[in-house]
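Here is the structure we will look at, set down as structure tokens.
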């Protein structure tokens with residue numbers, strides 16, 4: 007258990023500066039791929055370790071089976087070149103593996119390790135702001151990196167510190183650092199974070215009308231805060247055939263119908279693979295005429311949800327099943343700290359994916375690790391309760407043994423005293439006899 011805790015502490019400390027904050031620096035572009043491979047390898051190495059959680063293995067292997075099917079299907083279908091399939095495979099392995107591996111390894115940290123991890127995250131956050139002075143110069147600059155780093159730092163601080171009002175405010179303050187260079191979707195995440203932190207007192211029952219009303223209210227506030235951009239792309243701009251993002255969404259629906267049921271295959275639409283190996287689907291659906299979706303265009307990998315069209319109706323169904331299972335597991339978490347953070351991860355990813363593909367990149371790994379930690383909350387709580395019960399039993403047994411020993415000692419002393427009295431009486435009888 008200590009080995010896993012030390013490994014994950016080092017892994018965490020390396021990840022946040024290199025894979026989120028400074029991933030665009032020379033030499034750092036492949037760090038997230040290397041770290042994914044390292045974590046998968048370490049997880050398989052520790053497969054039989056007593057402190058790991060064996061429950062996710064079956065689902066993890068099922069995921070590998072589904073992925074293998076789509077690789078073979080994509081290579082046979084040949085909508086795009088094999089290079090696109092392999093590149094998409096690398097991206098698809100990352101987020102799910104990070105969640106499963108963290109969930110399986112079940113790292114538990116000492117207070118010292120938590121302090122090291124938080125120190126590095128906070129230092130990384132403020133160093134990023136320092137080295138990007140345009141965030142505080144009054145120039146309207148949008149940096150998605152800052153928002154992702156800020157909200158991960160805030161969630162981690164809340165998770166790793168005591169449950170106090172002061173620590174909640176500090177966590178909120180760390181998240182608000184991301185407002186120095188706000189993205190519209192990040193504003194929505196801030197609303198969700200504040201709601202989860204200060205207003206959610208117990209697990210949400212999604213079948214309860216009160217819960218539905220509360221979620222609807224939160225989403226209404228999110229829409230009000232982000233309405234300018236939401237209206238531009240998804241309301242007023244939905245029928246604008248010149249806007250890249252609405253056309254990507256609309257075309258993904260056509261692809262689901264045209265390539266029923268398994269889709270055109272991996273690396274064919276809305277991903278980095280479809281950008282590097284320009285997918286034939288873009289000319290086929292006349293998307294190459296739209297600025298940003300032409301060859302080399304910067305808006306090809308602009309949102310995650312359209313990427314599901316690659317996997318067809320079956321892929322969309324599997325994606326929904328996956329998150330339904332995660333939500334069910336999250337809603338069973340007893341510890342409210344872990345519950346809040348897990349729900350925040352879900353809301354952040356749900357919002358991020360509308361206009362970003364961070365879920366498939368190294369920048370999304372932080373969310374995945376936090377979710378994996380939270381999924382072990384009940385298991386660890388049960389183990390702690392069992393240990394406490396064993397300690398109480400041992401203490402009780404020790405007290406009984408001590409009590410028995412005291413009783414035995416008292417009985418021996420009483421017997422000795424009686425023996426002495428009898429000897430004295432016999433002695434007196436001899437003297438006066």
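Numbering (the numbering used here), first residue to last: 7 to 439. Every residue, glycine too, gets a C-beta built ideally from N, C-alpha and C. The model shown is predicted, which means the values in this text are computed figures rather than measured ones.
Rounded separation between residue i and residue j - CA only
{"i": "residue 91", "j": "residue 316", "result": "11 Å"}
{"i": "residue 474", "j": "residue 172", "result": "What is shown of the chain runs 7 to 439, which leaves residue 474 out entirely."}
{"i": "residue 392", "j": "residue 384", "result": "12 Å"}
{"i": "residue 286", "j": "residue 266", "result": "18 Å"}
{"i": "residue 158", "j": "residue 372", "result": "7 Å"}
{"i": "residue 364", "j": "residue 129", "result": "22 Å"}
{"i": "residue 297", "j": "residue 337", "result": "43 Å"}
{"i": "residue 194", "j": "residue 176", "result": "19 Å"}
{"i": "residue 390", "j": "residue 114", "result": "12 Å"}
{"i": "residue 41", "j": "residue 107", "result": "12 Å"}
{"i": "residue 332", "j": "residue 248", "result": "37 Å"}
{"i": "residue 180", "j": "residue 205", "result": "19 Å"}
{"i": "residue 322", "j": "residue 12", "result": "38 Å"}
{"i": "residue 343", "j": "residue 66", "result": "26 Å"}
{"i": "residue 309", "j": "residue 276", "result": "7 Å"}
{"i": "residue 211", "j": "residue 221", "result": "11 Å"}
{"i": "residue 4", "j": "residue 121", "result": "Coverage of the chain is limited to positions 7 through 439, which leaves residue 4 absent and any answer about it impossible."}
{"i": "residue 117", "j": "residue 78", "result": "46 Å"}
{"i": "residue 156", "j": "residue 29", "result": "16 Å"}
{"i": "residue 387", "j": "residue 50", "result": "25 Å"}
{"i": "residue 246", "j": "residue 301", "result": "20 Å"}
{"i": "residue 236", "j": "residue 356", "result": "14 Å"}
{"i": "residue 304", "j": "residue 252", "result": "15 Å"}
{"i": "residue 242", "j": "residue 233", "result": "11 Å"}
{"i": "residue 35", "j": "residue 27", "result": "12 Å"}
{"i": "residue 224", "j": "residue 244", "result": "24 Å"}
{"i": "residue 362", "j": "residue 52", "result": "34 Å"}
{"i": "residue 103", "j": "residue 62", "result": "11 Å"}
{"i": "residue 214", "j": "residue 263", "result": "35 Å"}
Three-state class that DSSP yields for residue i in the structure shown
{"i": "residue 371", "result": "helix"}
{"i": "residue 264", "result": "helix"}
{"i": "residue 188", "result": "coil"}
{"i": "residue 119", "result": "helix"}
{"i": "residue 201", "result": "helix"}
{"i": "residue 8", "result": "helix"}
{"i": "residue 284", "result": "coil"}
{"i": "residue 329", "result": "helix"}
{"i": "residue 130", "result": "helix"}
{"i": "residue 272", "result": "coil"}
{"i": "residue 301", "result": "coil"}
{"i": "residue 376", "result": "helix"}
{"i": "residue 145", "result": "Because residue 145 carries a pLDDT of 46, less than 50, the predicted location of this residue cannot be relied on, and the following value inherits that uncertainty. Here residue 145 sits in coil by DSSP."}
{"i": "residue 61", "result": "coil"}
{"i": "residue 216", "result": "helix"}
{"i": "residue 434", "result": "With a pLDDT of only 47 at residue 434, under 50, the local geometry of the prediction cannot be trusted, and no value is derived from it."}
{"i": "residue 33", "result": "coil"}
{"i": "residue 291", "result": "coil"}
{"i": "residue 24", "result": "helix"}
{"i": "residue 339", "result": "coil"}
{"i": "residue 322", "result": "helix"}
{"i": "residue 208", "result": "coil"}
{"i": "residue 13", "result": "helix"}
{"i": "residue 277", "result": "coil"}
{"i": "residue 224", "result": "helix"}
{"i": "residue 386", "result": "helix"}
{"i": "residue 306", "result": "coil"}
Cβ separation of residue i and residue j, assumed to be a contact under 8 Å, to the nearest whole Å
{"i": "residue 324", "j": "residue 101", "result": "So it is not a contact: roughly 14 Å between Cβ atoms."}
{"i": "residue 45", "j": "residue 69", "result": "That belief does not hold up - the Cβ atoms of residue 45 and residue 69 are roughly 15 Å apart, past 8 Å."}
{"i": "residue 448", "j": "residue 327", "result": "Missing from the structure shown is residue 448; the chain here goes from 7 to 439 and no further."}
{"i": "residue 312", "j": "residue 239", "result": "Actually they do not touch by this definition, with Cβ atoms about 12 Å apart."}
{"i": "residue 320", "j": "residue 268", "result": "6 Å"}
{"i": "residue 56", "j": "residue 378", "result": "Not confirmed; about 19 Å, so no contact."}
{"i": "residue 260", "j": "residue 291", "result": "7 Å"}
{"i": "residue 191", "j": "residue 24", "result": "Going by Cβ atoms, the distance from residue 191 to residue 24 rounds to 24 Å, so no, they are not a contact pair."}
{"i": "residue 85", "j": "residue 270", "result": "4 Å"}
{"i": "residue 162", "j": "residue 124", "result": "6 Å"}
{"i": "residue 347", "j": "residue 165", "result": "5 Å"}
{"i": "residue 273", "j": "residue 94", "result": "4 Å"}
Boundaries of the alpha helix (DSSP H) in which residue i is found, first to last residue
{"i": "residue 38", "result": "37-51"}
{"i": "residue 350", "result": "342-358"}
Residue-level contact to chain C via CB, residue i, 7 Å cutoff
{"i": "residue 386", "result": "Of the protein chains in this structure there is only one, and it is not chain C."}
Worksheet item: Taking the runs of the alpha helix (DSSP H) that are 4 residues or longer, which of them lie wholly in the region 147-180?
Response: 150-166
Worksheet item: Taking the runs of the beta strand (DSSP E) that are 3 residues or longer, which of them lie wholly in the region 228-264?
Response: none
Discussion item. Just to confirm the assignment: which complete alpha helix (DSSP H) runs, minimum length 4, are found wholly within the region 63-120?
Written reply: 88-111
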